[in-house]
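The listed protein sequences derive, respectively, from chains A and B.
Quick note: the first sequence, position 11, residue 308 per our numbering, numbers continuous.
Quick note: the second sequence, position 39, residue 207 per our numbering, numbers continuous.
Inspection log for the structure reproduced underneath, given as structure tokens.
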Amino acid sequence: NAGVTQTPKFRILKIGQSMTLQCAQDMNHNYMYWYRQDPGMGLKLIYYSVGAGITDKGEVPNGYNVSRSTTEDFPLRLELAAPSQTSVYFCASRPPGGAGYEQYFGPGTRLTVT
Amino acid sequence: QKEVEQDPGPLSVPEGAIVSLNCTYSNSAFQYFMWYRQYSRKGPELLMYTYSSGNKEDGRFTAQVDKSSKYISLFIRDSQPSDSATYLCAMTLNTGNQFYFGTGTSLTVIP
Numbered sequence: 298n299a300g301v302t303q304t305p306k307f308r309i310l311k312i313g314q315s316m317t318l319q320c321a322q323d324m325n326h327n328y329m330y331w332y333r334q335d336p337g338m339g340l341k342l343i344y345y346s347v348g349a350g351i352t353d354k355g356e357v358p359n360g361y362n363v364s365r366s367t368t369e370d371f372p373l374r375l376e377l378a379a380p381s382q383t384s385v386y387f388c389a390s391r392p393p394g395g396a397g398y399e400q401y402f403g404p405g406t407r408l409t410v411t
Numbered sequence: 169q170k171e172v173e174q175d176p177g178p179l180s181v182p183e184g185a186i187v188s189l190n191c192t193y194s195n196s197a198f199q200y201f202m203w204y205r206q207y208s209r210k211g212p213e214l215l216m217y218t219y220s221s222g223n224k225e226d227g228r229f230t231a232q233v234d235k236s237s238k239y240i241s242l243f244i245r246d247s248q249p250s251d252s253a254t255y256l257c258a259m260t261l262n263t264g265n266q267f268y269f270g271t272g273t274s275l276t277v278i279p
């Protein structure tokens, strides 16, 4: 299994541009999550999904959109990028139940908005 | 008030030392408590989890939860240079839909 994969690894955006961060998992996990990690700020939940067709907002959803048309994929869309969206973005997935609700994280996408 | 508070450190200890990492939280409804380890430029990986109050031991690692004080701890015995990483606490309700992370504590173990 590849686990959780994210593309791209790095990206530089200009203010006002849009982009989609891709996330895919091959473990047939129902739950998927998008987090952002800023220096010294820990992980903040942007959006999550409990299954295909079902998404919900986390702590910091403003400026982002998601969709979940398949179990495997959970893309994150940034519209009108702003410098405040400069961060490292992590996608994660987990099966229902499981040991302590363990989440499996991807390697991250480093995004800079200038 | 933040949901989860964690001292960011950095923490630097000599090899073999006992390390204590801590988090406090505000939501008494949290039921699952986790510790993730994150190496530089990598995604976090689950180290240990505890359900409700109590202790859990796994090798050199011990996790403790005190729900009455809303306080959780991770102890690392006989610390090794390979333990150098950022340690993040996390917690969630019984539903496991949303997870709340601490800011992470950066640990360096010096050989």
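All residues carry an ideal CB built from backbone N, CA and C; glycine is no exception.
### Task
Identify, in the order they occur along the chain, each residue of the same chain with its Cβ nearer than 8 Å to the Cβ of A258(B), setting aside the five sequence neighbours on each side.
V172, F201, M202, W203, Y204, F267, Y268, F269 and G270
### Task
Go ahead and label I240(B) buried or exposed: buried means 16 or more other beta carbons lie within 10 angstroms of its beta carbon, across all protein chains shown.
buried
### Query
Of all the CB atoms in chain B, is at least one closer than 9 Å to the CB of A321(A)?
no
### Task
Could you spell out the range, first to last residue, of the beta strand (DSSP E) harbouring S390(A)?
S384 to R391
#### Entry: Which of helix, strand or coil DSSP assigns to S220(B)
coil
### Message
For R391(A), would you say it is in contact with chain B, using Cβ-to-Cβ distances shorter than 9 Å as the test?
### Response
yes
### Min CB distance E369(A) to chain B below 9 Å
no
### Query
From the beta carbon of G405(A), is the nearest beta carbon of chain E less than 9 Å away?
Of the protein chains in this structure, namely A and B, none is chain E.
### Task
Please report how far the alpha carbon of E183(B) lies from the alpha carbon of L215(B), in whole angstroms.
20 Å
### Task
Would you verify that the beta carbon of Q232(B) is, or is not, closer than 9 Å to some beta carbon of chain A?
no
### Task
Tell me the start and end of each unbroken beta strand (DSSP E) in the segment 307 to 341 of chain A that is at least 3 residues and wholly inside, in chain order.
307 to 310, 316 to 322 and 328 to 334
### Query
List, in order along the chain, the chain B residues whose C-beta lies closer than 7 Å to that of Y345(A)?
N265 and Q266
#### Entry: D246(B) Cβ short of 8 Å to the ligand SAM heavy atom set
For the structure depicted, the ligand SAM is absent and the ligand set is empty, with no information on it obtainable.
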